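Engineer: First the structure, then my questions, so here it is.
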Amino acid sequence: MNFIESLNKRYASKQMSGKKVSPDKVETILEAIRLAPTSMGLQPFKVIIIEDQEIKDRIFEKSAKGQPQIPKSSHLLVFAGYKRITPELLDEYVENIKITRPTLPLAKVTAYRQMMSALTLQTEEDNFIWSSHQVYIALGFALAAAAVENVDSVPIAGFTPPALDELLGLEKRNLGSVCLMAIGVRDEATDYNATLPKVRKSKADLFEYI
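This is the structure we're talking about:
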């Protein structure tokens, strides 16, 4: 099955069975997130992978009551963006650049660090909006990887971030939840969305050449 065939087959799973996804498939999805492009390569987010059933149940009850996929998922991925881009975050990234690219001239790395420092002068709101944009790039890569691996998934924005942030202690870590992704195995008997045709705009309506 090629990439487009995999995307045509995928859908937003509305009901999951509670069955576990194999560790190698989960690892592939996580590696796709790690390799996803982000602005300046900074990756200003964390992804919290939840397998614990009690925590999934609490998230469902406290933050996402309308999302029955959560308690029956194999894994729940919480994408959390940094609320403030701090000098410490930039310093960690620069050190990683130095280690990974030792032949890169130090002057070039220093100039890059100076350019990124503008992020630390922005408001917390602007920082979080920017980091949230990067999260959605990574989410897209995760959904595509799940499709290729034939893993059922669904992106979830219908939840209450403050309740989830409190539950997971994100605020004290300079993080705020942006979106969730449940991965698992569909419940064939109850997932009405599994057999419905995909609804998308035509190429003529969606694309415009100039």
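Numbering (the numbering used here), first residue to last: 398 to 607.
Each residue gets a CB set at the ideal place from its N, CA and C atoms; glycine is no exception.
Just so you know, these numbers come straight off a predicted model, no measurement behind them.
(1) Since I482 is in the alpha helix (DSSP H), which residue starts that stretch and which ends it?
(2) At a cut of 8 Å, does the stretch 406 to 416 reach the stretch 499 to 518 through at least three beta carbon pairs?
(3) Roughly how many angstroms lie between the CA atoms of G537 and F442, to the nearest whole one?
(4) For M578, write down the residues that DSSP places opposite it in a beta bridge.
(5) Whether or not the stretch 590 to 603 and the stretch 561 to 577 are in contact is what I'm after, with contact meaning three or more pairs of Cβ atoms, one per stretch, closer than 8 Å; do they touch?
(6) May I ask you to list the residues that DSSP assigns as paired with M413?
(7) Go ahead and label Y479 buried or exposed: buried means 16 or more other beta carbons lie within 10 angstroms of its beta carbon, across all protein chains shown.
(8) Quick one: is F476 buried, meaning 16 or more other Cβ sit within 10 Å of its Cβ, or exposed?
(9) Which of the three DSSP states is assigned to L439 in this structure?
(10) Taking 7 Å as the limit between beta carbons, can you name the residues of its chain near S470, skipping five residues before and five after?
(11) Within the chosen definition, does the stretch 527 to 545 reach the stretch 425 to 440 through at least 3 CB pairs nearer than 8 Å?
(12) Taking the straight line between their C-alpha atoms, what separation do you get for P468 and E448?
(13) By the DSSP assignment, the alpha helix (DSSP H) with A429 in it spans what residues?
(14) By DSSP, does G537 sit in helix, in strand, or in coil?
(15) Could you pull the DSSP bridge partners for G573 from this structure?
(16) Which one of S419, L473, L487, A586 has the shortest CA to CA distance from S436?
(17) Starting from R455, trace the alpha helix (DSSP H) both ways and give me its first and last residue.
(18) Under 7 Å, do T425 and A601 count as touching if we go by C-beta distance?
(19) Using only the alpha-carbon positions, how far apart do K569 and F457 sit?
(20) Give the DSSP bridge partners of I447, in chain order.
Structural biologist: Walking through what the data contain:
(1) That residue, I482, is in no alpha helix (DSSP H); it is neither H nor E in DSSP.
(2) With the cut-off at 8 Å, the stretch 406 to 416 and the stretch 499 to 518 do not touch.
(3) Rounded to whole angstroms, G537 to F442 spans 14 Å at the Cα level.
(4) According to DSSP, M578 bridges with L474, P552.
(5) Under the 8 Å Cβ criterion, the stretch 561 to 577 does not count as touching the stretch 590 to 603, having fewer than three qualifying pairs.
(6) The partner list for M413 (beta bridge, DSSP) reads R583.
(7) If you draw a 10 Å sphere on the C-beta of Y479, you find 16 or more other C-beta atoms in it, and that means buried.
(8) Buried, by the Cβ-count rule.
(9) Collapsing the DSSP output to three states places L439 in coil.
(10) Answer for S470: M413, K453, A579, I580, G581, listed in chain order.
(11) Contact holds: three or more Cβ-Cβ distances are below 8 Å.
(12) Their Cα atoms are separated by approximately 10 Å.
(13) 420 to 432 is the extent of the alpha helix (DSSP H) around A429.
(14) In the structure shown, G537 sits in a helix (DSSP, three-state: H, G or I).
(15) The partner list for G573 (beta bridge, DSSP) reads G478.
(16) Scanning S419, L473, L487, A586 for the CA closest to the CA of S436 turns up L487.
(17) Residues 450 to 459.
(18) No, the pair does not count as a contact, with Cβ atoms beyond the cut-off.
(19) Between K569 and F457, the C-alpha separation is close to 22 Å.
(20) Under DSSP, I447 forms a beta bridge with L473.
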